[in-house]
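> For the sequence shown, numbering that gives the first Met the number 0 begins at 0 and goes up steadily by one.
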Amino acid sequence: MDYRHHDTMLRWLEGRLSETEHRAFEAEMNRSGVLRAEVEALRVLRREMQDSLEASALGAVQPHLADRVLNRVLQRAAAPRSVFADELALWLGQIFRPVAIAGALVALLLAGYNIRLSQSFATESTTAEAMLGLPPVSAASVYDLDMFAAQTAVTP
0 MDYRHHDTML RWLEGRLSET EHRAFEAEMN RSGVLRAEVE ALRVLRREMQ DSLEASALGA
60 VQPHLADRVL NRVLQRAAAP RSVFADELAL WLGQIFRPVA IAGALVALLL AGYNIRLSQS
120 FATESTTAEA MLGLPPVSAA SVYDLDMFAA QTAVTP
């Protein structure tokens with residue numbers, strides 16, 4: 000490739016040559032088949048790059064994922080909701096509210112009972128051990144564990 004003509008070729012493709020330069024360059028292209036091939040290759044490359052630029056620009060203009068998700072959520076929120084689902088939610092809330100309150104009360108009572116029971120241990124236990132009614136874990140209690148007693152298929 001003859002690099003001395005690149006600037007002239009680019010200006011010719013963009014239409015920025017003066018009238019005299021334009022005539023001189025076209026006359027040289029008519030004489031040289033190599034120059035015509037170079038100009039055509041440069042024209043094809045330029046067209047492909049412009050097409051690629053337009054395609055990437057179109058991709059960049061599309062909304063981002065977060066915007067599309069937010070739009071979809073807003074569309075679903077604006078959609079009419081089933082009256083049955085609303086009534087079912089209210090009914091379940093009325094039924095299970097007393098059960099949840101009673102369950103929380105029972106859990107608090109059991110935690111208090113376990114804390115009171117943990118005060119009878121010889122060593123001090125953590126809050127979690129006290130609330131769950133677990134004996135305090137120490138190195139001595141770990142050595143006392145009989146790992147093979149729980150497994151019936153293993154005989155020592």
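C-beta: ideal position from N, C-alpha, C; glycine also.
1) Check whether the Cβ atoms of L108 and G132 lie closer than 8 Å to each other.
2) Rounded to the nearest angstrom, what separates H4 and V33 at their Cα positions?
3) Report the rounded CA-to-CA distance for L104 versus N70, giving the unit in angstroms.
4) Alpha carbon to alpha carbon, how far is A138 from D85? Give it in angstroms, no decimals.
5) Given this structure, state the Cα-to-Cα distance separating E47 from L87, to the nearest angstrom.
6) Can you tell me whether E128 is helix, strand or coil according to DSSP?
7) With DSSP as the reference, label D6 as helix, strand or coil.
8) Using beta-carbon positions only, say whether A99 and I114 come within less than 8 Å of one another.
9) Please say whether M28 and V43 have beta carbons closer to each other than 8 Å?
10) Could you check if D90 is buried or exposed, using at least 16 other CB atoms within 10 Å of its CB as the buried criterion?
11) Can you round the beta-carbon distance between S119 and P135 to whole angstroms, since I take them to be within the 8 Å contact cut?
12) Where does E86 sit, in a helix, a strand or coil, going by DSSP?
From the atom records:
1) Within the sequence shown, the letter at position 109 stands for residue 108. Within the sequence shown, the letter at position 133 stands for residue 132. Contact: no.
2) What you label residue 4 is simply residue 5 of the sequence shown in a count that begins at 1. What you label residue 33 is simply residue 34 of the sequence shown in a count that begins at 1. Cα to Cα, the separation comes out at about 12 Å.
3) Here the question's residue 104 lines up with position 105 in the sequence shown. Here the question's residue 70 lines up with position 71 in the sequence shown. Taking the straight line from one Cα to the other gives about 43 Å.
4) Here the question's residue 85 lines up with position 86 in the sequence shown. Here the question's residue 138 lines up with position 139 in the sequence shown. Answer to the nearest angstrom: the Cα atoms are 55 Å apart.
5) To locate residue 47, count along the sequence shown from 1; it is residue 48. To locate residue 87, count along the sequence shown from 1; it is residue 88. Using only the alpha carbons, I get a separation of about 60 Å.
6) Numbered from its first residue, the sequence shown carries residue 128 at position 129. Helix at E128.
7) Locating residue 6 in the sequence shown gives position 7, counting from the first residue. DSSP places D6 in helix when its eight states are reduced to three.
8) Taking the first residue of the sequence shown as 1, we reach residue 99 at position 100. Taking the first residue of the sequence shown as 1, we reach residue 114 at position 115. No, the pair does not count as a contact, with Cβ atoms beyond the cut-off.
9) Walking along the sequence shown from the start, residue 43 turns up at place 44. Walking along the sequence shown from the start, residue 28 turns up at place 29. Not a contact, by the Cβ cut-off of 8 Å.
10) As a working mapping, residue 90 is identified with position 91 in the sequence shown. As written in the sequence, residue 90 is Trp, which differs from the Asp given in the question. W90 should be labelled exposed.
11) On the sequence shown, residue 119 is found 120 positions in, with the first residue counted as 1. On the sequence shown, residue 135 is found 136 positions in, with the first residue counted as 1. Their Cβ separation, rounded to whole angstroms, is 12 Å, which puts S119 and P135 out of contact at 8 Å.
12) Within the sequence shown, residue 86 is the residue found at index 87, counting from 1. In the structure shown, E86 sits in a helix (DSSP, three-state: H, G or I).
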